[in-house]
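Let me begin by presenting the structure, written as C-alpha cells, before commenting on it.
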Ligand code: INI
C-alpha cells in the first residue's frame, strides 16, 4: 500500500502565473501573495514567469499556451470576477472555470484555480489578503503540493 502526498518544498520547480488585468486592484494583490509565497517555499525568482491577460475570459488560452512551451511544472491562474460589475458574470465565470479545468486535463500540467468569483467588491477584497486570507498565497502552496505529489507518484511508478 502506498500513500502519496505532496509537500511544501518548491525547490527546483518552475511555475507560470497567468493573471487577469480586469479588476487589477484585486488581482495584483493575489499576484503579490502568490509570488511571495512561491519564493518562501523555495521556488527561485528566475523560475517564476508571469503572463498578464485582459480578463478572466482569456485565462484558459493563455494557460494552454504556457503549458505548450513544456517549461512549467505547474501554473497558477489568477483573476477576479465580480457580479456587481457585469451582466455577463456567469459567462465569464463559466469560461474561466471550465477552460482552466480543461487545460489541466488536456495537458497534464496542474493549473491551480485562483479566480475569485464574488457577488461584491468587498468579498473579493476579503479574499485578496484581508479577512479571508489570500487566494494567491493558497494557490502557491497548492501548486507546490500538487507538483511534488505528482513527482512522488512518477517516482513510485518508475
Ligand atoms: N473579466 C474579469 O476578469 N472580471 C470581471 O469581473 C469581468 N467583468 O466584470 O466583465 C471581466 N470581463 C472581461 C472579460 O474577462 C474579457 O476580458 C472581455 O470580455 C474580452 O474578451
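Numbering (this note's numbering), first residue to last: 32 to 189. Where is the CB? At the ideal position from N, CA and C, for every residue including glycine. All values reported here derive from a predicted model rather than from experimental measurement.
- Could you tell me whether the Cβ atoms of residue 142 and residue 109 are closer together than 8 Å? If you number the chain shown from 1, residue 142 lands on position 111. If you number the chain shown from 1, residue 109 lands on position 78. It is not a contact, given that the beta carbons lie outside the stated cut-off.
* Beta-carbon separation (whole angstroms), residue 50 vs residue 74, contact threshold 8 Å -> Taking the first residue of the chain shown as 1, we reach residue 50 at position 19. Taking the first residue of the chain shown as 1, we reach residue 74 at position 43. Contact doesn't hold; Cβ gap of about 16 Å is too wide.
### Task
State the DSSP-derived secondary structure class of residue 155, mapped to helix, strand or coil.
Sequence index remark: in the chain shown, residue 155 carries index 124 (1-based). Here residue 155 sits in helix by DSSP.
Which runs of the alpha helix (DSSP H) fall wholly inside the segment 34-110 and span at least 4 residues, in chain order?
55-71, 90-99
Roughly how far, in whole angstroms, is the beta-carbon of residue 146 from the beta-carbon of residue 90, given that I think they are within contact range, below 8 Å?
Sequence index remark: in the chain shown, residue 146 carries index 115 (1-based). Sequence index remark: in the chain shown, residue 90 carries index 59 (1-based). 7 Å between Cβ atoms; contact.
For this session: Taking 8 Å as the cut-off, decide whether the C-beta atoms of residue 114 and residue 122 are in contact.
Result: Counted from its first residue, the chain shown places residue 114 at position 83. Counted from its first residue, the chain shown places residue 122 at position 91. Not closer than 8 Å, so no.
**Request:** Pull up the distance between the alpha-carbon of residue 134 and that of residue 60, whole angstroms please.
**Result:** Residue numbering aside, residue 134 sits at position 103 when the chain shown is read from its first letter. Residue numbering aside, residue 60 sits at position 29 when the chain shown is read from its first letter. Roughly 24 Å separates the two Cα atoms.
Requested in this report: Using a threshold of 8 Å, state whether the C-beta atoms of residue 39 and residue 154 are closer than that.
Outcome: The count along the chain shown starts at 1 and reaches residue 39 at position 8. The count along the chain shown starts at 1 and reaches residue 154 at position 123. Not in contact: residue 39 and residue 154 (Cβ atoms no closer than 8 Å).
Exercise for review: Mark residue 99 as exposed unless 16 or more other C-beta atoms lie within 10 angstroms of its C-beta, in which case mark it buried.
Suggested key: Here residue 99 corresponds to residue number 68 of the chain shown, with the count starting at 1. So residue 99 counts as exposed.
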